[in-house]
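Asks: Questions regarding the structure given below will be posed in turn.
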Amino acid sequence: MRTTHVRPTSRGSARRYSRKILLLTGLLALGNAAAAHAADGAVHKIGVTVGSLGNPFFIATIRGITQQAKTLAPTVPVQSASADYDIGKQASQVDSFVAAGNDLVMFNAVDYQAAAPLVRRMHASGATVVAFDVGAPGADATVTTNNVKAGEIACQYIVDRLHGHGDVVIVNGPPVTALTDRVKGCQSVFSKATGINVLSSNLDAKGSRDGGLAVGQSLLVRFPKVDAMFAVNDPTALGVELAARQAGRQDFFLTSVDGSPDVEQEMRRGNTLIAATASQDPFAIAATATRIGFDIRAGRVKPGVVRLLDPSLITHDTIGSYKGWNAPHNS
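Just so you know, the sequence shown maps onto residues -38 to -1, 1 to 293 in mature numbering (1 follows the signal peptide of the UniProt record, and there is no 0).
What follows is the structure in structure tokens.
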């Protein structure tokens, strides 16, 4: 009779096997928890990642998210983080949101293309992802200003004031949809005015005052004659204006997008190169996005929602009636 000998499993192999079982069990538990949260239709934790908390726009969006969340679910915690326009930093924030079990993520992507795997990662955890202010591939909903229109009305002001003739500059920014759409809208207006000569349109001022100052200094050295500049947001415009003051240049005017408190204050004083800004309502954008996120999780709204909020052009003639970002809001 033939005897079969079974070789005993080594202790090391047994330990590795045990670790694999524990890992699989942990992943299964995490998946079950995410599925349970997704199935109950409720929001338990909210994560928020924004481009930069150095921009007052994003301070207002977090206020809108927090106030709307308190109205809809008073005990739900809101965790916010600033990515500082660094996609690596934003990826780490997403990992933290997933690990913490955030089931609604309010997502302000700092790079449109690079955001796609981050959205997939959040979806795999069972989270609902709502893009606000800028788009993100695969997001369950998107709420932004109509940024093409914002660029159009800001640059139409330039064309009209210059009577269709002049040398102009577009001060660009990071590769996010809000800013690329504004530039697209601006360029479409300039292209129809045959007397408008665009001197520069591709310099990235990082969407910040410091970036606007640095790029503005470079542009003013490079171009001794400029009639007008369009800056993609108010912080950029303020930086360019500072560069102009340092250089003693008062020969051009600026338009931008935001309607921020700083630009509002400058325009009310009247002593500014910023002649117009296409105003946004960051509080309303974020509050609307949050409400839609709750509705999607509850099954009241299907994913795929896109909501565009119209901007308004604020000029020295209309600044007196402008209510601004700090006006009271009802959730």
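Positions of the beta carbon are idealized from the N, C-alpha and C atoms, including for glycine. Note that the structure is predicted; figures quoted are calculated from it, not measured.
State yes or no: is the C-beta of residue 94 within less than 8 Å of the C-beta of residue 247?
Replies: Against a cut-off of 8 Å, the Cβ pair of residue 247 and residue 94 comes out as a contact.
Asks: Look at the alpha carbon of residue 28 and the alpha carbon of residue 82, and state the distance between them as a whole number of angstroms.
Replies: Going from the Cα of residue 28 to the Cα of residue 82 covers about 25 Å.
Asks: So if DSSP puts residue 220 in a beta bridge, which residue, or which two residues, is it bridged to?
Replies: For residue 220, which the question treats as bridged, DSSP gives the partners 241.
Asks: Give me the Cα-Cα distance between residue 261 and residue 249, rounded to the nearest whole angstrom.
Replies: When rounded, the distance between both Cα atoms is 19 Å.
Asks: Would you check if the distance between the CB atom of residue 66 and the CB atom of residue 12 is smaller than 8 Å?
Replies: Not a contact, by the Cβ cut-off of 8 Å.
Asks: Could you tell me the distance, in whole angstroms, from the CA atom of residue 173 to the CA atom of residue 3?
Replies: If you take the alpha carbons of residue 173 and residue 3, they lie about 43 Å apart.
Asks: With a Cβ-Cβ cutoff of 8 Å, do residue 23 and residue 197 count as a contact?
Replies: Cβ distance not < 8 Å, so residue 23 and residue 197 don't count as in contact.
Asks: CB-CB under 7 Å to residue 30, same chain, minus the five flanking residues each way: which ones, in chain order?
Replies: Counting only Cβ-Cβ distances below 7 Å, and skipping sequence neighbours, we find 249, 252, 253, 293.
Asks: Along the chain, where does the beta strand (DSSP E) containing residue 271 start, and where does it finish?
Replies: It spans 267 to 271 - the beta strand (DSSP E) in which residue 271 sits, taken as one unbroken run.
Asks: Going by DSSP, what residues sit across from residue 160 in a beta bridge?
Replies: For residue 160, which the question treats as bridged, DSSP gives the partners 130.
Asks: Looking only at its own chain, which residues have a Cβ that is under 8 Å from the Cβ of residue 55, when we skip the five neighbours before and after it?
Replies: Only 9, 11, 43, 45 meet the Cβ criterion.
Asks: I think residue 116 touches residue 240, with their Cβ atoms under 8 Å apart; what is that distance to the nearest whole Å?
Replies: Between residue 240 and residue 116 the Cβ distance is about 5 Å, and since that is below 8 Å, they are a contact.
Asks: Over what stretch of residues does the alpha helix (DSSP H) that includes residue 67 continue unbroken?
Replies: Segment 66 to 69 is the beta strand (DSSP E) holding residue 67; no alpha helix (DSSP H) there.
Asks: Give me the Cβ distance between residue 290 and residue 242, rounded to the nearest whole Å; I'm assuming they're in contact under 8 Å.
Replies: Wrong, their Cβ atoms sit about 17 Å apart, outside the cutoff.
Asks: Check whether the stretch 209 to 226 and the stretch 107 to 116 are in contact - that is, three or more C-beta pairs closer than 8 Å.
Replies: With the cut-off at 8 Å, the stretch 209 to 226 and the stretch 107 to 116 touch.
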